[in-house]
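Residue numbers (the numbering used here): -2 to 137.
Below: one structure, written as structure tokens.
Listed below in structure tokens is the structure:
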């Protein structure tokens, strides 16, 4: 009886060993498929373009791939804008390192496809493919 029991235990151990090896092979196979074979894509759901304009000249065009909901969130990801906070949101004072000169009544005009937006950067909701312009403007 003892010999038969040892034989059963040995078969069970072999079965467990084979099962463990099979599981390890499957894990390696699926990992290979996931990391090597699967197409590489980005995880961003939007791509927007931001143009920085001063004196009717485009200084820079920035393409941002993002999952952000608002213009501010997208700009913050690229550290593109700075300003002062107010109860209405961020008042943009600096774009791409260019700061307004308030003594000259300068400010940043925000447009989308050359049309004024009626919202600030905090409440401007963005969508894929949109084009925004930050234009340094003089005079209130």
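Ideal placement from N, C-alpha and C gives every residue a C-beta, glycine not left out.
What's the C-alpha gap between residue i and residue j?
i: residue 90; j: residue 79; result: 6 Å
i: residue 116; j: residue 29; result: 48 Å
i: residue 75; j: residue 25; result: 37 Å
i: residue 46; j: residue 14; result: 57 Å
i: residue 112; j: residue 123; result: 14 Å
i: residue 27; j: residue 64; result: 28 Å
i: residue 107; j: residue 21; result: 56 Å
i: residue 92; j: residue 56; result: 11 Å
i: residue 83; j: residue 40; result: 33 Å
i: residue 127; j: residue 109; result: 7 Å
Per DSSP, what are the beta-bridge partners of residue i in this structure?
i: residue 101; result: Answer by DSSP bridge pairing: none, since residue 101 is not bridged.
i: residue 75; result: According to DSSP, which records beta bridges pairwise, residue 75 is partnered with nothing at all.
i: residue 86; result: 83
i: residue 129; result: 47 and 109
i: residue 135; result: 103
Could you check whether residue j and residue i sit closer than 9 Å to each other, using their CB atoms as the reference points?
i: residue 49; j: residue 58; result: yes
i: residue 121; j: residue 69; result: yes
i: residue 66; j: residue 125; result: no
i: residue 119; j: residue 77; result: no
Residue i: which of the options sits nearest, CA to CA?
i: residue 133; options: 123, 97, 88 and 42; result: 97
i: residue 95; options: 86, 88, 101 and 105; result: 105
i: residue 72; options: 83, 136 and 131; result: 131
i: residue 102; options: 135, 56, 129 and 53; result: 135
Let me know if residue i comes out buried or exposed under the rule of 16 or more other beta-carbons within 10 Å of its beta-carbon.
i: residue 31; result: exposed
i: residue 33; result: exposed
i: residue 85; result: exposed
i: residue 137; result: exposed
Is there a Cβ from chain C that is less than 9 Å from the Cβ of residue i?
i: residue 70; result: As a matter of chain content, chain C is missing from the structure shown, which is built from one protein chain.
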